[in-house]
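What follows is a single structure, written as structure tokens, with notes after it.
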Amino acid sequence: MSEADSIPQVGQIVRIMQGREIGQYAVVINMVDNGYVMLADGEKRKYDRPKKKNINHIEVMDYISPEVQNSLLETGRVTNGKLRFAIAKFVNEVVTDLKKGDQHDGERRCN
1 MSEADSIPQV GQIVRIMQGR EIGQYAVVIN MVDNGYVMLA DGEKRKYDRP
51 KKKNINHIEV MDYISPEVQN SLLETGRVTN GKLRFAIAKF VNEVVTDLKK
101 GDQHDGERRC N
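Here it is as structure tokens:
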């Protein structure tokens with residue numbers, strides 16, 4: 001993880017940094033005691049079959065999905081559609097903004 005002190009919360013978006021799914025985003029759906037979390041993305045990793053991942057192998061993003069968090073707290077479950085929606089919303093809002101900002105760093109071209 002980039003920040004050793006940051007502990008992921010339920011409903012938080014994380015980026016996988018180790019393993020087969022490196023570079024992909026997932027949502028924390030459960031905390032396991034010994035430094036592990038359960039991750040699902042609603043597509044490859046469904047809610048019913050989450051991936052157990054070491055917290056040292058993920059990068060915690062500064063984004064918690066309120067839809068997923070509320071659903072998990074109220075009912076204890078979340079639909080795969082909500083997981084896909086939360087990741088798509090994060091990618092569209094946050095990741096594309098970062099990429100747009102990166103393009104403007106450095107020299108600017110004048111036409």
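Sequential numbering of the sequence shown, starting at 1, is according to the UniProt record's numbering. Every residue, glycine too, gets a C-beta built ideally from N, C-alpha and C.
Residues Gly11, Val27, Val78, Lys82, Leu83 and Ala86 of the same chain have their beta carbon placed closer than 7 angstroms to that of Val68, with the five preceding and five following residues left out of the count.
Judged by DSSP secondary structure, Glu67 falls within the alpha helix (DSSP H) whose first and last residues are Pro66 to Thr75. Nearest to Val60 by C-alpha distance, out of Arg20, Tyr25 and Lys44, is Tyr25. In this structure, the alpha-carbon of Asn54 lies about 11 angstroms from that of Asp33. Cβ neighbours of Ser65 within its own chain (closer than 6 angstroms, five residues either side excluded): Gly11 and Ala86. As DSSP reads the structure, Met31 sits in a beta bridge with Val37. Annotated as proximal: Ile58 and Val14, with beta-carbon spacing under 8 angstroms.
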